[in-house]
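Q: Residue numbers (our numbering), protein chains in the order written: chain A, 12 to 190; chain B, 7 to 90.
Sending over a structure as structure tokens; questions will come in a sec.
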């Protein structure tokens, strides 16, 4: 019988690494997808995935049963991504040229999708994270607030501001400005 | 009171809530009244909707490739436990 995510976490908390491996297997792709949209370097993504789960293991006692396991995990992943971004000193113009895992983004600005990916990278971190969680990863406003440990009003504000910046840029691009 | 409607600025701030279906009460009514009369705000709402649909399509979870990190992480943690 497959154990629920919470049961796996309970067992992991008791020191069961096999249970934690199963938990990690259930969430690794989601965490990788999130980090893929928050980081601009393929190696960073790989390392951040590993470090997210190591941090999760080390902080199992901080998991509160009232939160969804993935919300808790996303919080760790976002913190990991933001820490890595803060450590980077590359200016924005260089970030645009950085290779990203998968290779699809090499076509940045060749079409609307590419433009959007590129523009998303240029958003301020707090707006980028909020939009990625809400619109790309599909979390609810409440889940975004929980993952970022901010109020619902603050989460909605960040999501809205991020969306509006992207909307405006996309509209300009579609009109032919292609900034 | 029946003619009260939101301004462009207030409507602009409420567009994400409107798109997400999270407007309620008087705010919902005022924004709806404004949108019925303001083509510019309607266009902004439409383009916001297009944007969100495009963003949803950027979810790469099913297409991401790469070696699983699970074995490396678990091996590392097992080593830490052994050394502790």
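A virtual CB, placed ideally from N, CA and C, is assigned to each residue, including glycine.
In this text, all values refer to a predicted model and were calculated from it rather than measured experimentally.
Determine, for residue 74/A, whether the minimum Cβ-Cβ distance to residues of chain B falls below 8 Å.
A: Start at 1 with the first residue of the first chain, and residue 74/A comes out as number 63. It does not: the Cβ of residue 74/A has no partner Cβ on chain B nearer than 8 Å.
Q: I'd like to know if residue 78/B contacts chain A, where contact means its C-beta is closer than 8 Å to some C-beta of that chain.
A: By 1-based counting over the second chain, the position of residue 78/B is 72. It does; some Cβ of chain A falls within 8 Å.
Q: How many angstroms separate the CA atom of residue 174/A from the CA atom of residue 74/A?
A: Here residue 174/A refers to the residue found at position 163 when the first chain is read from its first residue. Here residue 74/A refers to the residue found at position 63 when the first chain is read from its first residue. The straight-line gap from Cα to Cα measures roughly 31 Å.
Q: Which bits of chain A does residue 58/B rub up against, with CB to CB less than 8 Å?
A: Taking the first residue of the second chain as position 1, residue 58/B is located at position 52. Here the neighbours are 146 and 174.
Q: Would you mind stating whether residue 159/A and residue 140/A have Cβ atoms separated by less than 8 Å?
A: Start at 1 with the first residue of the first chain, and residue 159/A comes out as number 148. Start at 1 with the first residue of the first chain, and residue 140/A comes out as number 129. Yes; because the gap between Cβ atoms is below 8 Å, this pair is in contact.
Q: Does any residue of chain A have a CB that is nearer than 8 Å to the CB of residue 12/B?
A: The count along the second chain starts at 1 and reaches residue 12/B at position 6. Cβ-Cβ to chain A under 8 Å: no for residue 12/B.
Q: My assumption, with CB atoms under 8 Å, is that residue 33/A sits in contact with residue 49/A. Please give the rounded CB distance.
A: By one-based count along the first chain, residue 33/A stands at place 22. By one-based count along the first chain, residue 49/A stands at place 38. That pair is no contact at about 25 Å.
Q: Suppose you measure from the CA of residue 154/A to the CA of residue 183/A; what does that come to, to the nearest Å?
A: To locate residue 154/A, count along the first chain from 1; it is residue 143. To locate residue 183/A, count along the first chain from 1; it is residue 172. The straight-line gap from Cα to Cα measures roughly 31 Å.
Q: Which same chain residues end up closer than 6 Å to residue 148/A when comparing Cβ atoms and leaving out the 5 residues on each side of it in sequence?
A: Numbered from its first residue, the first chain carries residue 148/A at position 137. Excluding residues within five positions, the ones whose Cβ falls inside 6 Å are 45.
Q: Going by Cα to Cα distance, which pick from 57/B, 13/B and 73/B is closest to residue 22/B?
A: For the purposes of this step, residue 22/B is taken as residue 16 along the second chain, with counting starting at 1. Of the listed residues, the one whose Cα sits closest to residue 22/B is 57/B.
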